[in-house]
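Each remark here refers to the structure printed beneath this line.
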Amino acid sequence: AYSAARSGARVALIEQQGVAWGASGRNGGFITEGAALSYTSAIKRFGRDTARAIWQVTCENRALARQIIGEERIDCWYREAGNLKFSLSESELVEDAANVAAMEADGFGAEMLTRGQTQSLVGTELGPMIRGARYASYAGLVHSTRFVGGLAAAAQARGAALVEATVTGIEHGLVKTSAGPLRAKAVVIAANAWINQLVPETRDIILPVRGQALSYAPTAPVFGPGMGAALTATGEYWQQTLDGSIVIGGARAARPVKDVGALRHDTTDDVQHGIEAVLPALFPALPPLQVTRRWAGPMAFTPDYVPLADHTPGEPNIWFAGGFCGHGMPFGLIFGKLLAQAALGGDVHPLAPFRMGRLFR
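For the sequence shown, the working numbering gives the first residue as 3, with consecutive numbering after it.
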């Protein structure tokens with residue numbers, strides 16, 4: 003909506019439950035680079051050229067985020083504090099090093115840190131399972147709700163209308179909503195976990211997945227960069243915000259089928275207990291922390307862990323994006339710009355790695 007309005011288009015942004023109510027306002031706030039799968043995995047799956055193109059899009063997203071936050075003066079606690087991905091075994095250390103080497107070979111910044119170098123970036127003693135880390139010094143952090151809210155306000159300031167309603171159907175530019183019909187020359191559907199309700203062709207390829215998180219009461223600064231680790235099979239992530247709160251999510255491996263298919267917002271004891279176990283396991287000297295809030299919300303995943311962006315079959319003026327696989331922040335802004343560009347009749351080539359056809363080759 004922001005990109006289309008900035009281009010001079012007449013825009014309506016329809017939100018079912020208000021701005022940032024879904025995963026866009028309930029995530030870790032990591033503006034880093036790359037997809038949910040590793041770079042070496044992407045090369046094996048898509049080939050080096052396509053993997054490089056996917057990563058390059060996320061580099062452009064990071065630059066665009068910095069630009070828009072600065073130009074629009076969005077107060078979202080943005081800082082380029084870096085990102086640490088901890089290596090918790092020797093085999094993981096080798097794998098992380100291989101990823102860094104492949105990324106460096108293709109011009110993407112990352113470095114491997116020894117345990118000692120990792121310790122210098124963490125304000126509490128590392129537990130014995132941490133062997134080292136992959137470090138992206140350039141990665142950004144935001145308060146995601148403030149960020150998305152500020153972006154929506156910037157879109158409105160440029161003329162976009164914000165409507166709170168439920169979309170019940172879209173056909174040939176006629177958008178049917180609970181607030182009445184709306185006719186548009188082009189439509190962009192950005193519903194992620196709910197997308198199959200409006201694009202039935204995505205029903206078996208973009209699946210909702212419930213993610214859970216919690217926040218701890220403000221404490222003295224411990225974690226500067228954003229952080230992640232695979233303490234469980236589905237991974238964990240956290241950041242310490244500027245007010246000292248620690249926001250942490252993950253551990254959905256505790257759920258049957260890892261909560262794939264769960265379009266729900268309730269929390270569960272098994273996942274919440276799993277999240278609470280993360281920091282004590284990795285940082286045993288950390289003082290006890292007090293949970294202040296717990297929440298859950300649906301993400302959406304694709305079979306190959308890369309998001310989709312395309313026009314709907316038979317509808318060249320109806321575009322969609324979804325399936326961000328827990329990595330929406332590295333793609334969201336640039337996808338918004340590219341989809342607005344496509345909807346307004348511009349270049350669609352940059353979306354080539356994300357089209358639906360790749361899943362059926």
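Backbone N, C-alpha and C fix where the C-beta goes; we use that ideal spot for every residue, glycine too. The structure displayed is predicted, hence computed values, not measured ones.
Whether Phe225 touches Glu127 by CB criterion (8 Å): no
Buried/exposed call for Val102, threshold 16 Cβ in 10 Å: buried
Nearest neighbour of Met229, chosen from Arg12, Thr34 and Gly20 [CA to CA]: Thr34
Residue(s) in a DSSP beta bridge with Met114: Arg136
Lys187 in three-state terms, based on DSSP: coil
The segment 153-168 / the segment 134-143 touching (three or more Cβ pairs under 8 Å): no
Per-residue burial, Arg357 [other beta carbons within 10 Å of its own, 16 or more giving buried]: exposed
Cβ distance (whole Å) where Leu265 is taken to contact Pro318 below 8 Å: So it is not a contact: roughly 29 Å between Cβ atoms.
Cβ contact check for the segment 327-346 and the segment 55-66: 3 or more pairs under 8 Å: yes
Close Cβ partners of Leu39 (< 6 Å) along its chain, the five nearest in sequence each way excluded: Tyr307
Which of helix, strand or coil DSSP assigns to Met331: coil
Given Glu17 as reference, the closest of Thr170, Gly251 and Glu203 once Cα atoms are compared: Thr170
Residue range of the unbroken beta strand (DSSP E) whose run includes Thr304: Premise fails: Thr304 is in no beta strand (DSSP E) and is neither H nor E.
Closest Cα partner of Met131 within the set Ser91, Gly109 and Gly151: Ser91
As assigned by DSSP and simplified to three states, the class of His313: strand
Where Ser374 falls: helix, strand or coil (DSSP): No answer is possible for residue 374: the residues shown for the chain start at 3 and end at 363.
Burial state of Ser5, where buried means 16 or more other Cβ atoms lie within 10 Å: buried
Buried/exposed call for Gln241, threshold 16 Cβ in 10 Å: buried
DSSP three-state assignment for Met229, whether helix, strand or coil: strand
Sufficient close CB pairs (3 or more, under 8 Å) joining the segment 271-283 to the segment 251-261: yes
Enclosing alpha helix (DSSP H) for Trp57 [first to last residue]: Arg50 to Glu73
Reduced DSSP secondary structure (H/G/I, E/B, other) of Trp196: helix
Own chain residues within Cβ distance below 8 Å of Thr116, not counting five before or after: Gly134
Contact under 8 Å by Cβ, Leu328 with Gly213: With the sequence shown as reference, residue 328 is identified as Gly, and Leu is not the correct amino acid for it. Going by C-beta atoms, Gly328 is nearer than 8 Å to Gly213.
Those runs of the alpha helix (DSSP H) which lie wholly inside the segment 333-361 and span at least 4 residues: 334-345
Residues of its chain near Arg50, where Cβ-Cβ distance is below 8 Å and the 5 sequence neighbours each way are ignored: Asp108
Segment contact flag, the segment 340-356 with the segment 7-16, C-beta cutoff 8 Å, min 3 pairs: yes
Opening and closing residue of the alpha helix (DSSP H) in which Asn101 lies: Glu92 to Ala107
Counted within 10 angstroms of its Cβ, other Cβ atoms place Pro352 as buried (16 or more) or exposed: buried
Which listed residue (Leu361, Trp321 and Gly237) has its alpha carbon closest to that of Asn194: Trp321
Cβ-based burial, Ser217 [other Cβ within 10 Å; buried from 16]: buried
Nearest-angstrom Cα separation, counted from Leu346 out to Ala188: 7 Å
C-alpha gap between Thr243 and Lys87, whole angstroms: 18 Å
Integer Cβ distance of Ala311 from Val211, believed to fall under 8 Å: Actually they are not in contact, since the Cβ atoms of Ala311 and Val211 sit about 19 Å apart, beyond 8 Å.
Residues near Ile208 by beta carbon distance below 7 Å, same chain, minus five either side: Ile197, Asn198, Ala302, Thr304, Leu310, Gly324 and Gly325
Pairwise C-alpha distance: Ser43 and Val262: 21 Å
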